[in-house]
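Peer 1: Dropping the structure in here first, questions after.
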Amino acid sequence: MSHISDHIEIFLEKAIPGSYSKDLSRLYLDIMKGRISSRREFSATYGLRSSTVSELVNELVGKKLIYEVADVGTSRGRPAKKLILNQNLFVICIVRISSQTLICNAVNITGQVIEETRSTLNSGCNNGQMIAEVRKLYGDLLEKLSMGVSCAGIVFSLPGILSIERKNWIMSSRWPEINNLSIEDELQDMAVPIKVVRNIDSELRARLFKEDGENILLLHWGFGIGIAYSEGGDPINSKFGRFGEIGHWDLGIKDAEQCRCGRTGCLEVHCALWSIWPDMAQKWPELSKNEEDFMMQAAKFPLLEHNKIQQALRLMVSTLGNLCRVLFPSKILLSGPFFANDEVLAEFYRKFLDDGVLPHVSPPKLTYVHQSEQLETEGAAIPVIVAEIDKRLRHGEG
Ligand SMILES: [Zn+2]
Numbered sequence: 005m006s007h008i009s010d011h012i013e014i015f016l017e018k019a020i021p022g023s024y025s026k027d028l029s030r031l032y033l034d035i036m037k038g039r040i041s042s043r044r045e046f047s048a049t050y051g052l053r054s055s056t057v058s059e060l061v062n063e064l065v066g067k068k069l070i071y072e073v074a075d076v077g078t079s080r081g082r083p084a085k086k087l088i089l090n091q092n093l094f095v096i097c098i099v100r101i102s103s104q105t106l107i108c109n110a111v112n113i114t115g116q117v118i119e120e121t122r123s124t125l126n127s128g129c130n131n132g133q134m135i136a137e138v139r140k141l142y143g144d145l146l147e148k149l150s151m152g153v154s155c156a157g158i159v160f161s162l163p164g165i166l167s168i169e170r171k172n173w174i175m176s177s178r179w180p181e182i183n184n185l186s187i188e189d190e191l192q193d194m195a196v197p198i199k200v201v202r203n204i205d206s207e208l209r210a211r212l213f214k215e216d217g218e219n220i221l222l223l224h225w226g227f228g229i230g231i232a233y234s235e236g237g238d239p240i241n242s243k244f245g246r247f248g249e250i251g252h253w254d255l256g257i258k259d260a261e262q263c264r265c266g267r268t269g270c271l272e273v274h275c276a277l278w279s280i281w282p283d284m285a286q287k288w289p290e291l292s293k294n295e296e297d298f299m300m301q302a303a304k305f306p307l308l309e310h311n312k313i314q315q316a317l318r319l320m321v322s323t324l325g326n327l328c329r330v331l332f333p334s335k336i337l338l339s340g341p342f343f344a345n346d347e348v349l350a351e352f353y354r355k356f357l358d359d360g361v362l363p364h365v366s367p368p369k370l371t372y373v374h375q376s377e378q379l380e381t382e383g384a385a386i387p388v389i390v391a392e393i394d395k396r397l398r399h400g401e402g
């Protein structure tokens, strides 16, 4: 179930002043959350006069935020009318990456993905090819949308190192040829607002609405490796987009293979799916190196029998231990396909607890997070959807 209506509720409660606007946003939220479906219900619940409710309904209908339709379930007397949410008032396009697949999702205001286009790009893909593919997938996505549904913004939810403020994709080990890609400059002719966020920050953002104000560390172990961290609210990174890219931590192992970043000894060389997949595929040829597919397969293979996985697990546990000695999170969320394997997850828990953090410091609670890609999409879309709905509710206000 999407958290989007919860986000909108929290935001609107804080953001909209004045009693009339409050009633307008309350009516909108009650319809969105399925608490109210007619004028009469709203009037009775809040003790409002029917003329006031009429004004509110007319305004929401005028702004196309809701529809008022005949209720086919009632046949006697004057036909009742039903208030329903216009779910596809607009969409946000989320451009995200799964392993080496570029995905464009059209997300409606309830957080549902209503259309999708995707294509897989090989490791040699460069800046020009990436931009050309984004244009093509975005164009195809718009063609799939019903008439009248517009796109209110594009959010790039990306792995690697970004410059959030310059909307620049600095590097990603998935495509070593891509560097300093100025996304906004390249796409300025599209005339649609563009935002760039780190993929792991998006995933953590969606989770934060379920958590209280603790210090939360999210560790993603998959095709790449990274962390997101939040101290009592937003993920750290809102401006810069460089925090948490731990995949290129130097482990000091110099005889290792070269990493895609060009250095040797990086954490990803020993632990990331992109790097250890060829060894795993020798033992289990049917294993996919696509993160989404591997996620489905991971539970069914005895991964822990492989010495590469045993080594990767040891290194990931000591990495997480070191992160705890720097950030001291109160809670840790584990995300990614390796943790979908019960034996790997249990061994990870056991080793982490055995190692401990520091004497007299109790280790934080570990929780495995399912559906990391769905959360990423929601977390990337939510801030833009909330801002757009707020703008439309306020539009025309005196
Ligand atoms: Zn590296």
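Per our numbering, the sequence shown starts with residue 5, numbered consecutively.
Yeah, the Cβ is synthetic: ideal placement off N, Cα and C, and Gly gets one too.
As the structure is a computational prediction, the values presented were derived from the model and not from experiment.
Going by the C-beta, is R329 closer than 7 Å to any heavy atom of ligand 1?
Peer 2: No; taking the cut-off as 7 Å, the Cβ of R329 has no heavy atom of ligand 1 nearer than that.
Peer 1: Nearest-angstrom Cα distance between V390 and C275?
Peer 2: One C-alpha to the other measures close to 37 Å.
Peer 1: Going by other Cβ atoms of all chains shown within 10 Å of its Cβ, with 16 needed for buried, is T381 buried or exposed?
Peer 2: That one is buried.
Peer 1: Determine the burial state of L362: buried for a count of at least 16 other Cβ atoms within 10 Å of its Cβ, exposed for fewer.
Peer 2: Exposed, by the Cβ-count rule.
Peer 1: Can you round the beta-carbon distance between D252 and L277 to whole angstroms, since I take them to be within the 8 Å contact cut?
Peer 2: As written in the sequence, residue 252 is His, which differs from the Asp given in the question. That belief does not hold up - the Cβ atoms of H252 and L277 are roughly 16 Å apart, past 8 Å.
Peer 1: N207 and S339: beta carbons closer than 8 Å?
Peer 2: The residue asked about is misnamed: residue 207 is Glu in this sequence, not Asn. Their beta carbons are under 8 Å apart, which means E207 touches S339 by this criterion.
Peer 1: Just to check, is the beta-carbon of E218 closer than 7 Å to a non-hydrogen atom of ligand 1?
Peer 2: Result no, Cβ not under 7 Å from ligand 1.
Peer 1: Return yes when the Cβ of G237 is within less than 8 Å of the Cβ of P163, no when it is not.
Peer 2: For P163 and G237, no; Cβs fall outside 8 Å.
Peer 1: So the candidates are V73, L89 and V76; which of them puts its Cα closest to the Cα of L31?
Peer 2: Cα-wise, what sits closest to L31 is L89.
Peer 1: So T105 is in the beta strand (DSSP E); what residue range does that whole segment cover?
Peer 2: Residues T105 to V111.
Peer 1: Is the region 195-203 close to the region 309-326, with three or more CB pairs under 8 Å?
Peer 2: Touching, no.
Peer 1: Going by the beta-carbon positions, is the gap between V196 and I158 smaller than 8 Å?
Peer 2: For V196 and I158, yes; Cβs fall inside 8 Å.
Peer 1: Across the region 123-143 and the region 172-189, are there enough close Cβ pairs to call them in contact, namely three or more that are closer than 8 Å?
Peer 2: Touching, yes, given that three or more Cβ pairs across the two stretches are closer than 8 Å.
Peer 1: Just mark T124 as buried or exposed, buried being the case when its beta carbon has 16 or more other beta carbons within 10 Å.
Peer 2: So T124 ends up on the exposed side.
Peer 1: For a test of the three-state rule: what should DSSP assign to V390, helix, strand or coil?
Peer 2: Reduced to three states, the DSSP call for V390 is helix.
Peer 1: Please classify D346 as buried or exposed, where buried requires at least 16 neighbouring CB atoms within 10 angstroms.
Peer 2: Per the 10 Å Cβ criterion, exposed.
Peer 1: What span of residues does the alpha helix (DSSP H) with C1 cover, start to end?
Peer 2: There is no way to answer for residue 1, as the model of the chain reaches only from 5 to 402.
Peer 1: Would you mind sorting V365 into buried or exposed? The rule is 16 or more other CB atoms within 10 Å of its CB.
Peer 2: Per the 10 Å Cβ criterion, exposed.
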